[in-house]
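Peer 1: Numbering (the numbering used here), first residue to last: 785 to 1075.
1. Would you tell me roughly how many angstroms separate the C-alpha atoms of residue 926 and residue 1038, rounded to the nearest one?
2. Cutting at 6 angstroms between CB atoms, please list the residues of its own chain near residue 959, excluding the five before and the five after it.
3. Less than 8 angstroms between the C-beta atoms of residue 913 and residue 1058, yes or no?
4. For residue 863, does the count of other Cβ atoms within 10 angstroms reach 16, so buried, or fall short, so exposed?
5. Out of 899, 879, 908, 902, state which residue places its alpha-carbon closest to the alpha-carbon of residue 891.
6. For residue 978, collect the residues of the same chain with a Cβ closer than 7 angstroms to its Cβ; drop the 5 residues on either side in sequence, then sort them by chain order.
7. What beta strand (DSSP E) runs, 3 residues minimum, are completely inside the segment 811–844?
8. Mind checking who residue 940 pairs with in its DSSP beta bridge?
9. Where does residue 909 fall in DSSP's three states?
10. Tell me the rounded alpha-carbon separation between residue 1007 and residue 944.
11. Keeping to the same chain, check which residues put their C-beta closer than 6 angstroms to that of residue 800; ignore five residues upstream and five downstream.
12. Of the residues 884, 824, 940, 867, which one's Cα is nearest the Cα of residue 1046?
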């Protein structure tokens, strides 16, 4: 699948004029960003490499005014085509790749979305902590991309998936607003939330309430459930009350469709004192899956 995308000259001119970072619309650059680890090939409208967070906000504003989609991209390691499309691709790996703040006592860190997992762990190694969602592409996979993908890693049984390790997200919204996604109680009115975020939570909660019975019977009880929005977290409790929840988990697995991460607060874990590998043998593939 190889779809050529004509250059939008008005869009390219605006991006080049209003963005401090790099803007690429040449054939070679768009061809490079037309692929990821999947077999899909779709040329983007343009590629923006933001130098600072305000560049991302400006890109969203231009895209909104020009009526074109945006596509945040990390290391391009996705195997299902999530990072290719006819859109303005935003690549944060070159500049927005820093550890912003660490709190080793409480085992947390704020990071920018473009930092690769191996780079993160290399920089905090001396603390005795690490970020444990160890995906196989950790040398290239970014924390922002892993959050959007809700990645798992080989040790998810022990440490959980991205939803279990993302505490808060400072995000940019489609309308240009900014919001912090974190712990909320059931009453959204108590929190200083942008109208768009409050409406989003209200609508998702309405869906959760409407589909509560179906969610209870049909949602799989598996720890590595990574696809789709976490609507079940917004479903009312059995007693009918609205339970507290971490709004950041709604962005995990949303693939950039709800907001774009500016900064992500992650949970760190103690580095394992030892590692071991175990092999389990099963007579059939089905037996392995059902174990």
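Heads up, the beta-carbon is just placed ideally off N, CA and C, and yes, glycines get one too.
Peer 2: Looking at the coordinates:
1. 15 angstroms
2. 980
3. no
4. exposed
5. 908
6. 957, 961, 963
7. 830–833
8. BP columns for residue 940 are empty, so no partner.
9. helix
10. 7 angstroms
11. 807
12. 884
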